[in-house]
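**Q** For what it's worth, my numbering labels the leading residue of the sequence shown as 380, then goes sequentially. Just so it is clear, CB atoms sit at the ideal spot from N, CA and C, and this is done for glycine as well. Structure in structure tokens, see below.
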Amino acid sequence: MKKDEKQSVDEILEEKIEKVQRRREWKRFLIECVVVVTAVYLIFHYCIGLAFVSGHSMEPALKDGELVVFYRLDQAYQTDDIVIIHREENVEYVKRIVAEPGDVVELSEDGVLLVNGSPEDRDVLGETLTVSGGVEFPYTVPEGSYFVLGDNRGNSRDSRVFGAVPQEEITGRVFFHLGMTQ
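What follows is the structure, encoded as structure tokens:
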């Protein structure tokens, strides 16, 4: 009888040990999940971001509905960077920097963009024309701002309309895009 009691005490202890181990494994798993979720949140909130291209203003480089990944921490923007601009509440623009602070932007009569007197060296859709009610050319880009245009010049709301974009309104620089649609 004592042998049976001893076995059942051993079994009970073994069950309790297994139960404690399972609880520890679950706690460890939950802690790991919280750490991973927190890390992903911090990375996507502070380091990188995602945005969908809305409209045709960046064609042919980016198509309507494509997903772009942008880096938030880089503040050293330069000509030819594609950037995300946050100008209005819940409105993000995806545009290309064509001129930096201090550059002089002009538009020739035949629709060629000139930056500091040199023609743009990029394939774009359509002519780069002035916009009624927009900025006057020649235009000098103010310090701390960038002149941005869409690659599809005939179908883009950009610096020709709203002027140079202050660096504070640039959310990040696009470094990757996926050719998928929403």
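What residue from 454, 411 and 488 has the CA that sits closest to residue 516's CA?
**A** 488
**Q** Are three or more beta carbon pairs between the stretch 523 to 539 and the stretch 467 to 484 nearer than 8 Å?
**A** yes
**Q** Could you tell me if residue 463 is buried or exposed, where buried requires 16 or more neighbouring beta carbons within 10 angstroms of its beta carbon?
**A** Flag for residue 463 reads buried.
**Q** Rounded to the nearest angstrom, what separates residue 457 and residue 550 at their Cα positions?
**A** 14 Å
**Q** Run the CB neighbour count on residue 466, radius 10 Å, all protein chains shown included, and call it buried at 16 or more, exposed below.
**A** exposed
**Q** For residue 540, which three-state DSSP category applies?
**A** helix
**Q** Suppose the cutoff is 8 Å on Cβ atoms and the five residues either side in sequence are ignored; what does the same chain contact list for residue 405 look like?
**A** none
**Q** Is it right to say residue 402 is buried, meaning 16 or more other beta carbons lie within 10 angstroms of its own, or is it exposed?
**A** exposed
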